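Note sheet for the following structure.
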Amino acid sequence: MSPDEIEQRVIRAYVQLACMPETDDARTVTVVRFGVLEARLTEIPEEQRLPGTPWFWLELYSHAQQAVLDSCGCTELDEPELTQAVELIANARQQTQDLH
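Numbering (the numbering used here), first residue to last: 5 to 104.
In structure tokens:
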């Protein structure tokens, strides 16, 4: 999976979140899944955000460990944040492939 493909998946997940109905709970969309790892983008509802806290979180979740292994916060998903998200997913994917 190329960095461009990962970027497109992150953008699609962002658009999916924008199209989902508003709720009082966090909304989550899976960006990509490889093996037991899942990258997911979560939008935190405004009422639950602390001042200065990012609106979106990209998390790497391990289904095997049932835990978040790494994450990064995003506010606008602008170019620097998108680059950070792509790197987080690409690095996790590479580490997963190196294990097998």
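Cβ atoms here follow ideal geometry from the backbone N, Cα and C, with glycine treated the same way.
Please read these numbers as outputs of a predicted model, since none were measured by experiment.
Straight through space, the alpha carbons of ASP28 and ALA89 are spaced by roughly 25 Å. Residue pairing by DSSP puts TYR65 in a beta bridge opposite GLU42 and VAL72. Shortest Cα-Cα distance from PRO58 to any of SER66, GLU47 and HIS67 involves GLU47.
The DSSP-derived three-state label of ARG97 is helix. Taking C-alpha positions only, ARG37 is separated from ARG53 by approximately 27 Å.
If you draw a straight line from the Cα of VAL40 to the Cα of ASP82, it comes to about 28 Å. Shown here, ARG37 sits in a strand according to DSSP, grouped into three states. Per DSSP, the continuous alpha helix (DSSP H) segment holding GLU11 begins and ends at 7 to 23.
Listed as beta-bridge partners of GLY77 by DSSP are TRP61.
Distance between CYS76 and PHE60, taken at the CA atoms: about 8 Å.
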